[in-house]
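What follows is a short report on a single structure.
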Amino acid sequence: MPQSAVHYRVALADPQAHLFAVTLTISQPDAAQRLSLPVWIPGSYLVREFAKNLQCLTARQGGKRVALKQLDKCSWNATCRPTQALVLEYQVYARDHSVRTAWLDGKRGFFNGTSLFLQVQGKENLPHDLELVANPALSGWQAATALPGVKTSRTGFGHYQAANFDELVDSPVELGKFWSGAFVSGGIRHRFVVAGAAASFDGQRLLTDCQKICETEIRFWHVQADDPGCGPLHSDYLFLLNAVDNDYGGLEHCNSTALICKRADLPRRASSQVPAPEGKPAAQAEGYHTLLGLISHEYFHTWCVKRLRPTEFRRFDYQQENYTELLWFFEGFTSYYQDLLLRRAGLIDDTAYFDLLAHAINQVRHTPGRLLQSVAQASFDAWVKYYRPDENTPNATVSYYSKGALVALCLDLSLRQQGKTTLDAVMRALWSRCLGTGLSENDLLAVLQDLSTRSFAKEIASWVHSTTELPLKPLLQAQGLRVLEDAAPDAEQLGLRFVDGGQLRVKSVLRGSAAEQAGFAAGDEWIGLSVGSGKSQSAWQLTKLDDIALYAGTAKRVGAWVARDRRLLSLTLTRPPTLSNWRLVAGERKRVRQWLETEL
231 MPQSAVHYRV
241 ALADPQAHLF
251 AVTLTISQPD
261 AAQRLSLPVW
271 IPGSYLVREF
281 AKNLQCLTAR
291 QGGKRVALKQ
301 LDKCSWNATC
311 RPTQALVLEY
321 QVYARDHSVR
331 TAWLDGKRGF
341 FNGTSLFLQV
351 QGKENLPHDL
361 ELVANPALSG
371 WQAATALPGV
381 KTSRTGFGHY
391 QAANFDELVD
401 SPVELGKFWS
411 GAFVSGGIRH
421 RFVVAGAAAS
431 FDGQRLLTDC
441 QKICETEIRF
451 WHVQADDPGC
461 GPLHSDYLFL
471 LNAVDNDYGG
481 LEHCNSTALI
491 CKRADLPRRA
501 SSQVPAPEGK
511 PAAQAEGYHT
521 LLGLISHEYF
531 HTWCVKRLRP
541 TEFRRFDYQQ
551 ENYTELLWFF
561 EGFTSYYQDL
571 LLRRAGLIDD
581 TAYFDLLAHA
591 INQVRHTPGR
601 LLQSVAQASF
611 DAWVKYYRPD
621 ENTPNATVSY
631 YSKGALVALC
641 LDLSLRQQGK
651 TTLDAVMRAL
661 WSRCLGTGLS
671 ENDLLAVLQD
681 LSTRSFAKEI
691 ASWVHSTTEL
701 PLKPLLQAQG
711 LRVLEDAAPD
721 AEQLGLRFVD
731 GGQLRVKSVL
741 RGSAAEQAGF
751 AAGDEWIGLS
761 VGSGKSQSAW
771 QLTKLDDIAL
781 YAGTAKRVGA
791 WVARDRRLLS
801 LTLTRPPTLS
811 NWRLVAGERK
821 RVRQWLETEL
C-alpha cells in the first residue's frame, strides 16, 4: 500500500529483553534533516527524558549508511539527499508499567508515541503512517489503538494513519491478550480493553456503569441541541485499562485514555464477592468507586484539556516544558466534576459523594503548603514540584487537583446561591467561546461576568492567586449542608504521614506539628511508645497506627522510640489539642438536590 510522507513500523523485536524495534521511513527528507524524540508527554507535566531508552540508532539511504550527528540529549541531524527516502532504525527499551511511557514483555505490550516515535522536524503537519507488526512467537496477541485503521487484520495488527504527529503520539497502543467489550453513547462507539483482569472480573458491569458515565458527561457538555460542537466529538473512543497488583492512575488522550488500577478494584461477579463485616461498606465496592472516579475524570478531559485547552497548549513543544498557570482549572475543575457526575449518573449516593467531598476538603485543610503556595503557582511549578514529591512536599506545595476542585466548588455554590447561573453553564459557555482558540483566565472572568452579571475578579484573585483560606464552610451551609467536625486520626493529629504498608516508617513530618517539635524526621521508623514515668512507666512496641491510641490513652505527653540510621532515639511527644476532620451531612435536602441533580 502507498505510504505517507512519514511512516513508522513497530515490531515486537525481543519481548524478553523488553525491546521494541522501530523503522522510520521519510519519503522526502530535508537536506539537513533534524529528528527529535519528545522529552515529555502532554497531560503529565514532567521532563521524563524518553531518549534514555533509545538505542542502536542508524540511518540509511539506498542501502548506504548515512551519518547521524547528535545535537543534544534527544536530537539528531542527518545529511541527506532530498530525492531519496531516508530510513532510520532503532530500538526502544520498554519496562515502565505506568500509563505515561512504554512496556513490553512476554505477556503484554503498551506504548505511547512520545516514547517510541522520533519527530521529523518540518514535517509534523503531514500525514503519519503506523504499521504494527505481529510477532509469530506471541500467539493470540491483539492490538488496540484509537488511530483510524487503513488495513488491519482481525487481531488489530496492520496499518493505521494519523493526520499529523500530534495525533500519532496522542494515540496509545495496547498489545497482548486482553478482554474487550463495547457500548454506544451519544452515537459514539466506546470500546473497553482490559489487560490483567482476574477470573472474577465482571466485564458487563464495567460496561454498563461506564456507559452511564459517558452518557452523563456527553449530556453535561451538550445539554442543548444547538450547542456549538454538539454531536459526536470523535468516531470511536477507546478505554485502555491495565489491571495490576497495586497501582492507580490515568492519562487522557483525544479519542482514548490509558488507565491503570488495582486488580482487586475491578468489578466482580456476584459469586466472587466477599461479604463485608456487618455495618461496614465492602472494601471492594469502595475500590470500584475509586476506579469509576478515575474513568469519569479522564473521560471529562475529552472536552476539558484535550479540546478546550489553555492558550499555552494550542501547539505543543515536545522538546521542553510547556508552562501554564491554569492546571488548577483543567485538572482541578475536572476533579470536582469527576465525583459530582458519578452522583448525577446514579453510581454513588449522596452520602458517598459527601464523603468524597469531605476527604478532598480535609486533604487540603491538613496540608501546610496551602499557606505558602497559591494554586496558580502550583500549576506553573508542576514541572519541578508536583511530579517530584519528597518529604517536604506537603509543607511547601498545594495540589492543583485538590485545591482546584475546591475552587470549582466555591464558584459553583456562589453562582447557585446568587441564583442566575451555575458552573455547569459556565463550562459550556467556555466550550463555545474558546474551542479552537485556547482558554485564558480572562475568558473565565468574562464568562462569569456575562452569566452572573457581576465580576468574580476578587474571588479569583483571592482563591487562585493568594493563599487565603477558601470560604468553604459558609458556602456549604448556605447550600443546605451541615458541616460537622470529628477528631482527626492520630497521624493527622500528630502531623505525620507514613509510607504505605507495614511498618510505621515516616514519609513526611508536617510543618508546625507536634511531631516536628518532638524531633521526628522523614525516614524514621516509630517502633515503641512509653507512657508515665518511674515505677509507673509502661512501654509498648508499636506495629500499627491504631496502637498509639490504644497504649497512650489520654496521656498528654508520651515517649517515642524511633529507629534512625540504625540508631535508637528517644523523643518526647506532646500531644496537641484535638484537630478536626470535616464531615458533611445533608440538612436542607431541597437545596442539596438542586445542586446535585438539577441545573439553573
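For the sequence shown, the positions run 231 to 830 when the working numbering is used.
Each residue gets a CB set at the ideal place from its N, CA and C atoms; glycine is no exception.
Review point. For Leu556, which of Thr532, Val594, Gln549, Ala608 has the nearest alpha-carbon?
Key: On the sequence shown, residue 556 is found 326 positions in, with the first residue counted as 1. Minimum Cα distance to Leu556 is reached at Ala608.
Practice item. Can you say whether Leu733 is buried or exposed, counting buried as having 16 or more other CB atoms within 10 angstroms of its CB? Key: Walking along the sequence shown from the start, residue 733 turns up at place 503. Residue identity check: residue 733 is Gln in the sequence provided, not Leu. Result: exposed.
Check your understanding: From Ile418 to Asn485, what distance separates their C-alpha atoms?
Key -> Mapped onto the sequence shown, residue 418 falls at position 188. Mapped onto the sequence shown, residue 485 falls at position 255. Straight-line Cα distance between these residues: approximately 11 Å.
Check your understanding: Between the C-alpha atoms of Pro462 and Trp661, what's the straight-line distance to the nearest angstrom?
Key -> The sequence position of residue 462 within the sequence shown is 232, counting from 1. The sequence position of residue 661 within the sequence shown is 431, counting from 1. Only weak support exists for where Pro462 lies, its pLDDT of 48 falling under 50; the coordinates are left without a value.
Point to revise | Three-state secondary structure assigned by DSSP to Ile778 | key: Walking along the sequence shown from the start, residue 778 turns up at place 548. Three-state DSSP puts Ile778 in a helix.
Point to revise | Element boundaries [alpha helix (DSSP H), containing Thr581] | key: Looking up residue 581 in the sequence shown gives position 351. Taken as a continuous stretch (DSSP letters only), the alpha helix (DSSP H) holding Thr581 covers 580 to 595.
Review point. Taking Cβ to Cβ, would you say Phe563 is nearer than 8 Å to Ala638?
Key: Along the sequence shown, read from residue 1 onward, the residue named residue 563 stands at position 333. Along the sequence shown, read from residue 1 onward, the residue named residue 638 stands at position 408. Yes, the pair counts as a contact, with Cβ atoms nearer than the cut-off.
Review point. Tell me which same chain residues have a C-beta within less than 6 Å of the C-beta of Cys404, skipping the five on either side of it?
Key: Within the sequence shown, the letter at position 174 stands for residue 404. Position check: residue 404 holds Glu in this sequence, whereas Cys was assumed. Cβ within range, chain order: Phe340, Ala374, Val423, Leu470.
Check your understanding: If Ala626 and Gln603 are in contact, beta carbons under 8 Å, what's the gap, nearest whole angstrom?
Key -> For the purposes of this step, residue 626 is identified with residue 396 of the sequence shown, where counting begins at 1. For the purposes of this step, residue 603 is identified with residue 373 of the sequence shown, where counting begins at 1. The distance from the Cβ of Ala626 to that of Gln603 is about 7 Å, consistent with a contact at the 8 Å cut-off.
Review point. Are Trp791 and Tyr781 close, meaning C-beta to C-beta below 8 Å?
Key: Residue 791 sits at position 561 when you count from the first residue of the sequence shown. Residue 781 sits at position 551 when you count from the first residue of the sequence shown. At the C-beta level, Trp791 and Tyr781 stay beyond 8 Å of one another.
**Study point:** Residues of its chain near Leu468, where Cβ-Cβ distance is below 6 Å and the 5 sequence neighbours each way are ignored
**Key:** What you label residue 468 is simply residue 238 of the sequence shown in a count that begins at 1. Closer than 6 Å at the Cβ level, and outside the excluded window around Leu468, lie Ala376, Arg421, Ser486.
Check your understanding: Which value, in whole angstroms, describes the spacing of the CA atoms of Ser266 and Leu301?
Key -> If you number the sequence shown from 1, residue 266 lands on position 36. If you number the sequence shown from 1, residue 301 lands on position 71. Ser266 and Leu301: Cα-Cα distance of roughly 9 Å.
Check your understanding: To which residues does DSSP link Leu653 through a beta bridge?
Key -> Here residue 653 refers to the residue found at position 423 when the sequence shown is read from its first residue. Paired residues: none, contrary to the question.
Point to revise | Per DSSP, cross-strand counterpart(s) of Tyr631 | key: Walking along the sequence shown from the start, residue 631 turns up at place 401. Partner residues in a beta bridge of Tyr631, as assigned by DSSP, do not exist.
Exercise for review: Please list, in chain order, all residues of the same chain as Lys407 whose beta carbon is under 6 Å from its beta carbon, the five residues on each side excluded.
Suggested key: For the purposes of this step, residue 407 is taken as the residue at position 177 of the sequence shown. The beta carbon of Lys407 is closer than 6 Å to those of Gly370 in its chain, skipping five residues each way along the sequence.
Exercise for review: Please name the residue, chosen from Leu276, Thr313, Gln285, that lies closest to Gln291 on a Cα-to-Cα basis.
Suggested key: The residue given as residue 291 occupies position 61 in the sequence shown. Out of Leu276, Thr313, Gln285, Thr313 has the C-alpha closest to the C-alpha of Gln291.
Check your understanding: In terms of residues, what are the limits of the alpha helix (DSSP H) holding Trp825?
Key -> As a working note, residue 825 is residue 595 in the sequence shown. Run containing Trp825: 819 to 826, per the alpha helix (DSSP H) assignment.
Practice item. Closer than 6 Å by C-beta to Gln709: which residues in its own chain qualify, once you throw out the five before and the five after it? Chain order, please. Key: Indexing the sequence shown from 1 puts residue 709 at position 479. Same-chain partners within the cutoff: Leu643, Arg821, Trp825.
Review point. For the beta strand (DSSP E) that contains Phe422, what are its first and last residues?
Key: Position 192 of the sequence shown, counted from the first residue, corresponds to residue 422. Run containing Phe422: 418 to 425, per the beta strand (DSSP E) assignment.
Check your understanding: Just reading off the beta strand (DSSP E) that His695 is part of, what are its end residues?
Key -> One-based indexing of the sequence shown puts residue 695 at position 465. It is not in any beta strand (DSSP E) - His695 instead sits in the alpha helix (DSSP H) that spans 687 to 695.
Practice item. Just the C-alpha distance for Gly762 and Ala748, rounded to the nearest angstrom, thanks. Key: What you label residue 762 is simply residue 532 of the sequence shown in a count that begins at 1. What you label residue 748 is simply residue 518 of the sequence shown in a count that begins at 1. Distance between Gly762 and Ala748, taken at the CA atoms: about 17 Å.
Exercise for review: Decide if Thr667 is buried, meaning its Cβ has at least 16 other Cβ atoms within 10 Å, or exposed.
Suggested key: In the sequence shown, counting from the first residue as 1, residue 667 sits at position 437. Looking at its Cβ environment, which holds fewer than 16 other Cβ atoms inside 10 Å, Thr667 is exposed.
Check your understanding: From Leu848 to Thr532, what distance separates their C-alpha atoms?
Key -> Since the displayed the chain opens at 231 and closes at 830, residue 848 lies outside it and no answer follows.
Point to revise | Counted within 10 angstroms of its Cβ, other Cβ atoms place Thr554 as buried (16 or more) or exposed | key: To locate residue 554, count along the sequence shown from 1; it is residue 324. With a threshold of 16 other beta carbon atoms within 10 Å, Thr554 meets it and is buried.
Review point. Whole-angstrom Cβ separation of Gln263 and Cys310, contact assumed at under 8 Å?
Key: As a first step, residue 263 must be located in the sequence shown, where it is residue number 33. As a first step, residue 310 must be located in the sequence shown, where it is residue number 80. About 5 Å; that satisfies the 8 Å criterion.
**Study point:** Cβ-based burial, Lys633 [other Cβ within 10 Å; buried from 16]
**Key:** Residue 633 sits at position 403 when you count from the first residue of the sequence shown. Burial call: buried.
Point to revise | the segment 789 to 805 in contact with the segment 564 to 583 per 3-pair CB rule at 8 Å | key: The segment 789 to 805 is not in contact with the segment 564 to 583.
**Study point:** Which listed residue (Ala289, Glu551, Leu287, Gly480) has its alpha carbon closest to that of Leu276
**Key:** Reading the sequence shown from its first residue, position 46 is the one you call residue 276. Ranked by Cα distance from Leu276, the options Ala289, Glu551, Leu287, Gly480 are led by Glu551.
Check your understanding: Assuming Val322 and Leu346 make a contact with CB atoms under 8 Å, what is their CB distance in whole Å?
Key -> Residue numbering aside, residue 322 sits at position 92 when the sequence shown is read from its first letter. Residue numbering aside, residue 346 sits at position 116 when the sequence shown is read from its first letter. Confirmed, Cβ separation roughly 5 Å.
Check your understanding: How big is the Cα-Cα spacing for Lys536 and Arg574?
Key -> For the purposes of this step, residue 536 is taken as the residue at position 306 of the sequence shown. For the purposes of this step, residue 574 is taken as the residue at position 344 of the sequence shown. Cα to Cα, the separation comes out at about 23 Å.
Review point. What residue from Ala251, Cys444, Gln258, Lys303 has the CA that sits closest to Glu361's CA?
Key: As a first step, residue 361 is located in the sequence shown; it is residue number 131 there, counting from the start. Ranking the options by Cα distance to Glu361, first place goes to Ala251.
Check your understanding: Counting Cβ pairs, one atom from each stretch, are 3 or more of them under 8 Å apart for the segment 685 to 700 and the segment 591 to 605?
Key -> Yes, the segment 685 to 700 touches the segment 591 to 605.
Check your understanding: Any chance the segment 805 to 818 sits against the segment 711 to 728, with 3 or more Cβ pairs inside 8 Å?
Key -> At 8 Å Cβ cutoff, the stretches touch.
**Study point:** DSSP state of Phe387 mapped onto helix, strand, coil
**Key:** As a position in the sequence shown, residue 387 is number 157, starting the count at 1. Coil at Phe387, not helix or strand.
Check your understanding: Relative to the alpha-carbon of Glu447, which residue among Leu570, Ala412, Ala297, Arg544 has its alpha-carbon at the smallest distance?
Key -> For the purposes of this step, residue 447 is taken as residue 217 along the sequence shown, with counting starting at 1. Of the residues Leu570, Ala412, Ala297, Arg544, the one whose Cα lies closest to the Cα of Glu447 is Leu570.
Check your understanding: Does the distance from the C-beta atom of Phe546 to that of Asp777 stay below 8 Å?
Key -> Position 316 of the sequence shown holds residue 546. Position 547 of the sequence shown holds residue 777. Contact flag unset, no.
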